[in-house]
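Notes follow once the structure below has been shown.
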Amino acid sequence: MKDKRILYVSSEVVPYLPETEISSMSFEAPRLVNQQGGQIRIFMPRYGNINERRHQLHEVIRLSGINLVINDLDMPLIIKVASIPKERIQVYFIDNDEYFKRKATLTDEDGNLFPDNDERAIFFAKGVIETVKKLNWSPDIIHVHGWLASLLPVYLKEYYKDEPLFNESKIVTSVYSQSFNNSLNEDMVNKVKFDNINEDTIKVLEQPSYVNLMKVAIDYSDALIIGSEEIPEDLKAYVDASNKPTLEYKPKDEFGTAYTTFFNEHVL
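The sequence shown begins at 17 in the working numbering and counts up one residue at a time.
This is how it looks when you write it as structure tokens:
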């Protein structure tokens, strides 16, 4: 993996949020590649419950300041950055007062999904891509973790399809069991269609459930990784039917070698 550029886009990353399957792997995978001499960038949302002082986040003025249009509204993009202690890995935080200032991640104190999670997912996908464009950093691989990041593959391949910076980039999506009940805002599909994304390719988002969000990510990915020992049956069947290169679930002690081999032999 030496000198390969890998962009990690995740809904959660240790040490900024509590340890889960997603946040842990979103730290371990970049650390592994970093130790092998790869070039790493990590992007995640700047949720309001992340302690900026403790983790030494600071705004990057040269990257902030553009507006992203979400459902015909201008939403300012703020970029913050921090370094993971001892790892020399930079983490970029996508921020916006309207979407990410609240002191929580994806649900309120009663466990209910925030009604604007659909717009937060759109903003996160577009914010990551616009920031990478400003950095003028062309990744060899883009590795996606978590459903809040699941729109990145479709936006990259549709909305940004004429952006030369990503012409050679391969998208890998990790599929986890970590999901949500019910669905996101039912108007989500119209908000995505607003960006002139082909209606046929996102029809499944008329019911924006966890499984359907991940189906869209799978459709637009070049390769897949099963991130949990068990994932929903219909999602497993969808992965199998996609016929895309897939790394089956590996426990932590086997993951490193399998991950490196998979990237080298099936993705790059």
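Cβ coordinates follow ideal geometry from the N, Cα and C atoms, glycine included.
Quick caveat: nothing in here was measured; it's all calculated off a predicted structure.
Query	Result
3 or more residues per run - each beta strand (DSSP E) lying fully within the stretch 20-44	21-26
Tyr108 - DSSP class collapsed to helix/strand/coil	strand
Cut-off 6 angstroms between Cβ atoms - residues of its own chain near Ile86, not counting five sequence neighbours on either side	Glu135, Ile138 and Phe139
Own chain residues within Cβ distance below 6 angstroms of Ile158, not counting five before or after	Leu23, Ser185 and Ile187
Exposed unless 16 or more other CB atoms sit within 10 angstroms - verdict on Ile77	exposed
Short Cβ contact (7 angstroms threshold) for Ala120 with Asn197	no
Boundaries (first-last residue) of the alpha helix (DSSP H) holding Ala287	Outside the modelled stretch of the chain, which goes from 17 to 284, sits residue 287, for which no answer is possible.
Simplified DSSP assignment, three categories, for Ile77	coil
Straight-line gap, Lys219 to Gln194 (C-alpha atoms, nearest Å)	23 angstroms
Whole-angstrom distance between Glu114 and Glu7, CA atom to CA atom	The chain is shown from 17 up to 284; residue 7 falls before or after that span and cannot be answered.
Own chain partners of Lys18 with C-beta closer than 8 angstroms, once the 5 adjacent residues on each side are dropped	Gln52, Gly53 and Gly54
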